[in-house]
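Report on the following structure.
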């Protein structure tokens with residue numbers, strides 16, 4: 001489905017980003033795997049022949065620009081961007097420092113914004129491209145103790161919808177997935193009763209796997225989703241019902 | 001091809017206008033063809049032709065042909081005086 005596509009995936013060193021990189025490669029894409037953990041990225045690179053490591057902090061504006069310069073020089077185009085990198089803060093509303101909120105916004109929203117901005121400039125040349133953002137069921141539904149995280153992810157939903165309208169005439173589609181409870185390092189702190197409570201609230205009654213989200217992301221990147229834009233697709237086992 | 005001609009071609013192609021219309025004082029939003037969408041196409045074309053990656057501030061400031069030359073000069077793109 002993604003033969004010869006050039007795709008950049010942030011947060012590729014673990015979780016959904018990692019699974020998405022593997023799935024994209026499996027479907028024939030060349031993947032730029034981006035993240036801060038260069039060791040983990042190098043290990044992933046060894047598994048994916050058609051890949052290149054971009055180790056940088058996504059909140060570093062200059063480093064992001066350098067990463068895109070590298071893509072421009074090496075590949076001359078970009079077909080897909082997956083804004084996967086993210087952080088999740090668990091803290092009550094009254095216990096959330098504004099600096100914590102800022103950190104959530106910088107990583108989950110501002111960095112995704114800058115990546116989309118630069119990706120668009122490469123995609124505009126070919127009048128074609130697909131951007132997939134990682135929103136969250138928390139951003140769509142709200143969650144006790146996650147107001148900062150929810151704020152950043154809800155903002156990303158707004159960005160997704162606005163960009164789909166603004167970039168549609170350039171042939172660029174913008175969508176998002178909103179995962180529910182997925183078994184990754186990010187959700188590993190949820191054990192025992194708290195995990196069970198979330199899981200049993202979903203229609204399928206189980207946690208999702210990163211690969212199950214990756215499949216939907218790859219579909220949105222592909223031409224099979226050529227008439228889909230501005231959508232936030234819940235991949236949550238029915239949690240949001 | 002000289003940089004001046006490359007610039008004119010980039011404007012002409014991106015905005016869908018005759019090359020003769022690309023004068024130094026042609027300004028953003030003063031003709032229907034140079035709207036915000038066309039501006040994005042123009043930026044992509046300029047970056048492609050001159051092999052540069054523009055700063056966002058420069059993209060915002062690039063409000064005329066004359067200003068485009070001034071900004072591109074910062075990226076070591078030379079134009080005849």
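Protein chains in written order, with the UniProt record's numbering: chain R, 1 to 241; chain F, 1 to 81.
Each residue gets a CB set at the ideal place from its N, CA and C atoms; glycine is no exception.
Report task. Enumerate in chain order the residues of its own chain whose CB-to-CB distance from residue 93 of chain R is below 7 Å, with the five nearest sequence positions on each side excluded. Result -> 147
Query raised in the report: Should residue 62 of chain R go down as buried or exposed, given a rule of 16 or more other Cβ atoms within 10 Å for buried?
Result: Around the Cβ of residue 62 of chain R, a 10 Å sphere holds fewer than 16 other Cβ atoms; the residue is exposed.
Requested in this report: Give a yes or no on whether the minimum CB-CB distance between residue 44 of chain F and chain R is below 7 Å.
Outcome: yes
Requested in this report: Return the CA-CA distance between residue 99 of chain R and residue 43 of chain R, expressed in angstroms with no decimal places.
Outcome: 33 Å
Requested in this report: Report yes if the C-beta of residue 169 of chain R is less than 6 Å from at least one heavy atom of the ligand MG; otherwise report no.
Outcome: Among the components modelled here there is no ligand, and therefore nothing to report on the ligand MG.
Query raised in the report: Along chain F, which residues have their Cβ under 9 Å away from the Cβ of residue 125 of chain R?
Result: Going along chain F in sequence order, the residues near residue 125 of chain R (Cβ under 9 Å) are 41, 44, 45, 47, 48.
Query raised in the report: Are the beta-carbon atoms belonging to residue 229 of chain R and residue 164 of chain R less than 7 Å from one another?
Result: Yes; because the gap between Cβ atoms is below 7 Å, this pair is in contact.
Report task. Measuring only between beta-carbons, confirm whether residue 240 of chain R sits less than 7 Å from chain F. Result -> Residue 240 of chain R is outside the set of residues whose beta carbon lies under 7 Å from a beta carbon in chain F.
**Report entry** Identified DSSP bridge partners for residue 133 of chain R
**Finding:** R:83, R:176
Query raised in the report: Shortest alpha-carbon distance to residue 45 of chain R belongs to which of R:189, R:32, R:56?
Result: R:32
Report task. For residue 65 of chain R, go through chain F and note every residue whose CB falls closer than 7 Å to its CB, in chain order. Result -> 53
Query raised in the report: When DSSP labels each residue in this structure, what does residue 51 of chain R get in the three-state scheme?
Result: strand
Requested in this report: Identify whether residue 194 of chain R lies in helix, strand or coil by the three-state DSSP scheme.
Outcome: helix
Query raised in the report: How big is the Cα-Cα spacing for residue 86 of chain R and residue 51 of chain F?
Result: 31 Å
Requested in this report: For residue 119 of chain R, collect the residues of the same chain with a Cβ closer than 8 Å to its Cβ; drop the 5 residues on either side in sequence, then sort them by chain order.
Outcome: 8, 68, 78, 81, 129, 131
Query raised in the report: Of all the CB atoms in chain R, is at least one closer than 7 Å to the CB of residue 13 of chain F?
Result: no
Query raised in the report: Rounded to the nearest angstrom, how far is the Cβ of residue 22 of chain F from that of residue 14 of chain F, given a contact under 8 Å?
Result: Rounded, the Cβ-Cβ distance is 10 Å, inconsistent with contact.
Query raised in the report: Going along the segment 66-95 of chain R in order, which residues come within less than 7 Å of chain F, judged by CB to CB distance?
Result: Residues of the segment 66-95 of chain R with a Cβ closer than 7 Å to any Cβ of chain F, in chain order: 68, 69, 72.
Query raised in the report: Can you tell which of R:194, R:162, R:22 has the C-alpha that lies nearest to the C-alpha of residue 207 of chain R?
Result: R:194
Query raised in the report: Looking at the C-beta of residue 27 of chain F, does it have a partner C-beta in chain R at a distance below 7 Å?
Result: Proximity of residue 27 of chain F to chain R, defined by a Cβ-Cβ separation below 7 Å, is not satisfied.
Report task. Would you mind stating whether residue 10 of chain F and residue 49 of chain F have Cβ atoms separated by less than 7 Å? Result -> yes
Query raised in the report: Would a check of beta-carbon distances place residue 121 of chain R closer than 7 Å to chain F?
Result: yes
Query raised in the report: Beta-carbon separation of residue 135 of chain R and residue 178 of chain R under 7 Å?
Result: yes
Query raised in the report: Would the beta-carbon of residue 204 of chain R fall within 7 Å of that of residue 180 of chain R?
Result: no
Query raised in the report: Should the segment 52-66 of chain R be called in touch with the segment 106-118 of chain R, which here means at least 3 C-beta pairs below 8 Å?
Result: yes
Query raised in the report: Which same chain residues, not among the five before or five after residue 167 of chain R, have their C-beta less than 7 Å away from its C-beta?
Result: The answer, listed in chain order, is 120, 174.
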